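Only one structure is covered here, and it is reproduced in the block below.
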Amino acid sequence: AVASIDGASDAAADFVVQDAVAAAETLAASTAPRLPQLSKMRKADLVAECVERGLNSAGLKVPELRVALRAARAAAKEARPPRDA
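In this note's numbering, the protein residues as written are 161 to 245.
In structure tokens, the structure reads:
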């Protein structure tokens, strides 16, 4: 009888841990800083983000900077591991 109680409490503990992990992931996703919209950024901000990402921004105009950053952001998003992994 003791083994079934321990088994039940282990299952309950696993459920609580899984629930806590899911809640933490949800909270992290909802509080993660969002990147500013490229269309609302000034040229200096676009250039600064290019520098942070290691992109060459020399001689690029605002629309070209936006295209480069949009591609870099998309690539970074695809490279992230899935949350449920």
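Note that beta-carbon positions come from the ideal geometry of N, C-alpha and C, so glycine has one too. No experiment lies behind these values; they were computed from the predicted model shown.
I'd like to check one pair, residue j with residue i: are the Cβ atoms closer than 7 Å?
i      : j      : result
Arg213 : Ala232 : yes
Leu229 : Leu198 : yes
Ser217 : Val207 : yes
Tell me where the alpha helix (DSSP H) around residue i begins and ends.
i      : result
Ala231 : 222–239
Ala204 : 203–212
Return the CA-CA distance between residue i and residue j, expressed in angstroms with no decimal places.
i      : j      : result
Asp170 : Leu195 : 41 Å
Lys237 : Glu209 : 15 Å
Leu225 : Pro241 : 26 Å
Leu215 : Pro193 : 21 Å
Pro223 : Lys200 : 12 Å
Val279 : Ala235 : Because the chain here runs from 161 to 245, residue 279 falls outside it and cannot be looked at.
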